[in-house]
Structure formats: structure tokens, C-alpha cells
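A short worksheet on the structure shown next.
Residue numbers (UniProt numbering): 1 to 90.
Rendered as C-alpha cells:
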């Protein structure tokens with residue numbers, strides 16, 4: 001059941017995160033990143049979920065360059081994790 005919820009909610013959160021980063025809405029990006037980290041940490045506490053924390057910290061600090069870099073690095077890994085969770089929800 002938890003996998004089904006995560007598989008349904010994670011893509012929307014990832015899309016919101018993308019949008020907030022593209023629009024330089026770093027405070028919102030930090031909130032969404034934190035929510036995404038919480039949702040996915042049910043299934044994984046290491047990488048790539050742990051890689052969201054530097055993104056969240058940089059967003060809270062207003063460091064746009066670090067946010068963009070962290071996001072580009074972690075996004076493909078998060079997509080893979082969400083795909084795996086979706087398969088688990090099957």
C-alpha cells in the first residue's frame with residue numbers, strides 16, 4: 001500500500017520540484033524536496049534519497065547554482081527509484 005501511494009505521489013512532487021527550481025523559487029523547492037525525501041525514505045534511506053538533503057540545504061540558503069547542480073545529479077536516480085517503487089506496488 002505504501003509503495004502504491006509513493007508511486008502515485010512521487011512523480012507529482014518531482015515535477016513540482018523541477019518547476020520551482022526552474023523558476024528560482026528556492027524556498028518552495030526546499031519544501032517540496034523535503035516532502036519528496038520523506039515520502040521516498042520509506043523505501044530507501046541511502047542514495048539517491050540522501051542526496052536530496054544537499055539540495056534542500058542549498059535551497060534554504062538561497063544557493064541557486066548548488067541547487068541546480070544537485071538537482072541535475074539526483075533527478076535521474078530518483079526517477080529510477082520511483083520506477084522501482086512503482087514495480088513493487090505492481
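Heads up, the beta-carbon is just placed ideally off N, CA and C, and yes, glycines get one too.
Taking the C-beta atoms as reference points, residue 82 is found no nearer than 8 Å to residue 3. Judged by beta-carbon spacing, residue 51 lies within the 8 Å limit of residue 74, meaning their Cβ atoms are closer than that value. With fewer than 16 other Cβ atoms inside 10 Å of its own Cβ, residue 1 counts as exposed. The shortest C-alpha to C-alpha distance from residue 38 to any of 49, 29 and 28 is the one to 49.
At the C-beta level, residue 62 and residue 26 come within 8 Å of one another. Per DSSP, the unbroken alpha helix (DSSP H) holding residue 54 starts and ends at 52 to 61. Under the DSSP assignment, residue 14 falls in the alpha helix (DSSP H) whose first and last residues are 2 to 22. Distance from the CA of residue 40 to the CA of residue 9, rounded to the nearest whole angstrom, comes to 10 Å. From the listed residues 42, 23 and 14, the smallest Cα separation to residue 32 is found for 14.
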